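Each residue of the sequence shown is one higher than the one before, starting from 37 at the first, in this note's numbering.
Encoded as structure tokens, the structure appears first; notes follow it.
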Amino acid sequence: MSVEQVSIEDLGRELGERIAETPEYERFEEARAAVQRDEEVQQRIDEFEQLRAEFMQARQTGQATNAELQRVQEAQDELHSMPVMSEYLDAQEELEDTLEAVNEAISEPLAVDFGGEAGGCCQD
């Protein structure tokens, strides 16, 4: 590995460490821990995941109904309206915005959006 490659990787690690020190990341981690500790939220997540899995299976077999879709959406709305989960989702969105800004700052001088387009070979 070249010295330049090691230096770039070191910069990447430093960037990751600095991101982990931001208020956005700290808020996200605190909110995630609160979700993991909250038994009621965990139960609602499990219920939602079960409903969603059942709906997806019904959809694959062509047996899904609008009523089942509505049930999944209502379960998701109920889950998202719980204060602990709402805080988590807000913190996640704030962190995603921060990471998108970092992605844009990295991609700008390269004229490539690595977060969105790097996988394709033939992009116009």
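We put the beta carbon where it would ideally sit given N, CA and C, even for glycine.
Note that this is a predicted model, so its numbers are computed, not measured.
In the structure shown, Met121 adopts helical secondary structure according to DSSP, grouped into three states.
Counting along the chain, the unbroken alpha helix (DSSP H) around Pro59 starts and ends at 59–73. Between the beta-carbon of Phe91 and that of Glu104 there is about 5 Å, and that keeps the pair under the 8 Å contact cut. The way I'd put it, the stretch 127–146 doesn't touch the stretch 73–82; fewer than three beta-carbon pairs between them come closer than 8 Å. The Cβ atoms of Glu123 and Ala70 lie closer than 8 Å to each other. Residue burial is scored here from C-beta neighbours: Ala141 has fewer than 16 other C-beta atoms within 10 angstroms and is therefore classed as exposed.
The shortest C-alpha to C-alpha distance from Asp82 to any of Glu114, Ala100, Glu45 is the one to Glu114. Counting only residues of its own chain and dropping the five nearest sequence neighbours on each side, Ala100 has a CB closer than 7 Å to the CB of Phe91, Ala94. Excluding its 5 nearest sequence neighbours in each direction, Val138 has C-beta neighbours in its own chain below 8 Å: Leu51, Ile55, listed in chain order.
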